[in-house]
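So the sequence lines, in the order shown, correspond to chains E and F.
Every number in my numbering is 577 more than the matching position in the first sequence, counting from 1.
Every number in my numbering is 37 more than the matching position in the second sequence, counting from 1.
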Amino acid sequence: MLNIGDQKLGSRLFLGTGKFSSTRAMIDAVKASGTELVTVALRRFNREQAEDDLYGPLSELKNVRLMPNTSGAMNAKEAIRAALLGRELSKSPFVKLEIHPNPHHLLPDPIETYEAAIELVKQEFLVLPYIPADPVLAKRLEDIGCAAVMPLGAAIGTGKGLSTAEMIRIIIRDANVPVVVDAGLRSPSEAACALEMGCDAVLVNSAIAAAENPAAMGAAFKTGVEAGRMAYNAGLMPTSEVAVASSPLTRFLSTSD
Amino acid sequence: MNKNLPDWLNPEPWLGLAFSTADIERAINADSPNEKTLAALLSPQAADYLEPMARRAQAITRRHFGRTISLYTPLYLSNFCNGGCLYCGLAADRRAQRAVLDETQLHRELEAIKKMHFEELVLLTGERMPEADVPYLEKSISIAAEYMANVTIEVFPMSEPEYRTLADAGCTGVTLYQETYNPVVYEHMHRWGDKRDFGNRLDAPDRALRGGMRSVGIGALLGLADPVFDMLCVYRHAKYLLKNYWQAGVSISFPRIRPQMGGFQADFPVDEKMLAQYIFAMRIVLPEIPLVLSTREPRRMRDGLAGVGISKMSIASKTTVGGYSADAEESTEQFEISDERKIPEFCDMLRAKGLEPVFKNWDATYREPAHYEKS
Ligand code: SF4
């Protein structure tokens, strides 16, 4: 079980719901992935037209909780407005706080994100901020009451995997809240790797939506995440620069002639 | 020829370079593409590599935009124009039926468009005219913003304060094609009128962004001048805007003069293969930028390019004033549209290609003017 604030989740795979070829494909992938938390962009809530709306079909899925995101917000003020609207529409306590002032690479703005997080925590959201893999920022967000932190593995849609692994290791080491790798992952093995490192969950969108068979890839990620978590719990053997002899070199010290 | 072009724009160093097959193959797979990459991909030699270029363009498009195509539709507010553009059916010396939408008609048009489920709208006019000046646009934008999640404009260049007025009214973006970046051809094409001022038009995207617009769309009207020159300029212009306004959205369109349009004969005709090559090339060098294709293009081209470089398309376009709600079309259209499919048919095509048509990809929550000031 993964605890985020007062919420309990059975799956450590979170899914983004944009970029799919159809709502059907998205729903199939969500189901196959076993995810219990999906994020949906406020800008894709379309109550005027059911066919174009991501929120409607998602809200009907059992066992799946929604996390509206603030994608599209350039600054704290817009993100707060979007979060409030998202909560009103979805009744979800979660918000994926994302503020990316550059609409092309979509990298998060640490300063505006911090500002917005303060306010959203006050408004009693479970705030999950999408952030650069910055250990200090992660701690600062934890300190003000964020329910988790979501550092990026690589820039959105690049599929460059865990490019930020070294920083994520530090974030995990220091964190008292769940650490979720968000963005950049391309393959289930990378998701497994993140979980093995000690990440609490991963959030994936493009890797599944842009796969040849999104539902099958959703299932593959499910397995990857589970394998990674099992490995983490099992305890990986330590790494070493030199070969470790299987029989101790100092045995002679404890044996008598 | 390029003495009037600022250094940041002038593509001279990359024109006329010779490229080997190895250069082109390297360009198709470039990790950090630059001007030279683009020049290689635009070169006639690269025409033999359309298939690998298309494959790479599709992979990049899919990675950044997923399997979706954003849809929008244009709304002509007015076709009054005092301009003298050689290539346009609305130039002042054409015997065009002129019209401008009043408030009642605008509401009627918007209702008709809303029924078609659009949430993104581009408002268009000709050159600045008393019939359709800034106050008129301001009013029209605020009305359109009541109906649509996202409203942008494709009108005459304005001053920064004028753009600010429109941004405050709810306009989020400006599309403004330079038509051609070749100043000599530009002067020839624009026989009279305000549009003759090349520099004023070139700087307008800067002013629009400083005025609070969140995005600008640029492009060249392919066929007017050497298309390789113009494409390189579009790329350099986009790069310049991205560097100087890092929070701004920049998109690129590929309007093309087709020989049969309005009697104007393009001096540098761009055929379908060339157009496809330019789109693939632009996608490879600018992986994250929305690339837009309008209904000017025939359906075969649109079907083939959707998701293969192109991430955004117009559909169900009427290029007459009042075209959406009127039964009889009373005004003259600016250009003939080629793809006249209705929305369901077009969306079915997208779905058959494994693409999702997206009507709403923006929320009115994000309508606030942007601020790019550097301290
Ligand atoms: S292109 Fe624009 S400015 Fe030129 S004549 Fe046509 S409507 Fe007028």
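We put the CB at the ideal spot given by N, CA and C, even for glycine.
Query, Result
"Do PRO706(E) and PRO685(E) have their C-beta atoms within less than 9 Å of each other?", "yes"
"Spell out the partners DSSP gives THR616(E) in its beta bridges.", "GLY593(E), MET644(E)"
"Are the CB atoms of GLY736(E) and SER783(E) nearer to each other than 9 Å?", "yes"
"Quick one, which residues of the stretch 770–797 of chain E are near chain F if we go by CB-CB under 7 Å, in chain order?", "SER783, ALA786, ALA787"
"Any heavy atom of the ligand SF4 closer than 8 Å to the Cβ of ALA136(F)?", "no"
"Do THR690(E) and ALA653(E) have their beta-carbon atoms positioned less than 9 Å apart in this structure?", "yes"
"Rounded C-beta distance between ARG293(F) and VAL271(F)? I'm assuming under 8 Å.", "Not a contact, Cβ separation roughly 13 Å."
"Tell me, please, whether the CB atom of ALA602(E) is closer than 9 Å to any CB atom in chain F?", "yes"
"How big is the Cα-Cα spacing for THR832(E) and PRO825(E)?", "12 Å"
"Rounded to whole angstroms, how far is the Cβ of MET250(F) from the Cβ of GLY300(F), which I believe are closer than 8 Å?", "35 Å between Cβ atoms; not a contact."
"Tell me whether GLY795(E) counts as near the ligand SF4, meaning its Cβ is closer than 8 Å to at least one heavy atom of that ligand.", "no"
"Output needed for LYS349(F): all residues of its chain with C-beta closer than 8 Å, excluding positions within five of it in sequence on either side, in chain order.", "ILE106, SER107, LEU108, TYR109, SER288, PRO327, LEU328, VAL329, LEU330"
"Determine the DSSP secondary structure at ALA784(E), reduced to helix, strand or coil.", "helix"
"Applying the criterion that 16 or more other CB atoms from any shown protein chain within 10 Å of the CB defines a buried residue, is ALA55(F) buried or exposed?", "exposed"
"Can you give me the start and stop residues for the alpha helix (DSSP H) that LEU772(E) sits inside?", "765–774"
"Examine chain F for any beta-carbon lying closer than 9 Å to the beta-carbon of GLU625(E), and answer yes or no.", "yes"
"So who's on the other strand from ILE585(E), going by DSSP bridges?", "One detail in the question is off: residue 585(E) reads as Lys in this sequence, not Ile. According to DSSP, which records beta bridges pairwise, LYS585(E) is partnered with ASN580(E)."
"Rounding to the nearest angstrom, what Cα-Cα distance links MET153(F) and ALA606(E) in this structure?", "29 Å"
"So is ARG658(E) in contact with chain F if we call contact Cβ pairs under 9 Å?", "yes"
"Out of THR402(F), ASP85(F), GLU175(F), THR202(F), state which residue places its alpha-carbon closest to the alpha-carbon of ARG621(E).", "THR402(F)"
"Could you tell me if ILE347(F) is buried or exposed, where buried requires 16 or more neighbouring beta carbons within 10 angstroms of its beta carbon?", "buried"
"Measuring only between beta-carbons, confirm whether ILE180(F) sits less than 9 Å from chain E.", "no"
"DSSP three-state label for LEU259(F), please.", "strand"
"Quick one: what's got a C-beta closer than 7 Å to LEU697(E)'s C-beta in the same chain, skipping five residues either side?", "ILE657, ALA660, VAL672, LEU674, VAL704"
"Using a Cβ-Cβ cutoff of less than 7 Å, which residues in the same chain neighbour LEU392(F) once the five nearest sequence positions on both sides are dropped?", "ARG104, THR105, ILE106, ALA343, GLY344"
"Would DSSP call THR162(F) helix, strand or coil?", "coil"
"Examine chain F for any beta-carbon lying closer than 9 Å to the beta-carbon of LYS668(E), and answer yes or no.", "no"
"In this structure, does DSSP put ARG658(E) in helix, strand or coil?", "helix"
"For the stretch 204–222 of chain F and the stretch 180–194 of chain F, state whether three or more C-beta atom pairs, one from each stretch, are separated by less than 8 Å.", "yes"
"How about GLY53(F): is its Cβ closer than 8 Å to a heavy atom in the ligand SF4?", "no"
"Can you tell me whether DSSP reads ALA365(F) as helix, strand or coil?", "Annotation note: pLDDT 49 at ALA365(F) (below 50); position unreliable, coordinate value reported separately. Three-state result, ALA365(F): coil."
"For ASN837(E), decide whether its Cβ has a neighbour in chain F, counting only Cβ atoms nearer than 9 Å.", "Nothing about residue 837(E) can be reported from this structure: the residues present for chain E run from 578 to 834 only."
"Return the chain-ordered list of same chain residues with a C-beta closer than 6 Å to the C-beta of CYS384(F), the five sequence neighbours on each side being excluded.", "PRO394"
"What residue ranges within the stretch 254–328 of chain F form continuous alpha helix (DSSP H) runs of no fewer than 4 residues, ordered along the chain?", "264–281, 309–322"
"Within 10 angstroms of its Cβ, does ALA92(F) collect 16 or more other Cβ (buried), or is it exposed?", "Before going on, a small fix: residue 92(F) reads as Arg here, not Ala. ARG92(F) should be labelled exposed."
"What is the rounded straight-line gap between the Cα of ARG664(E) and the Cα of ALA693(E)?", "15 Å"
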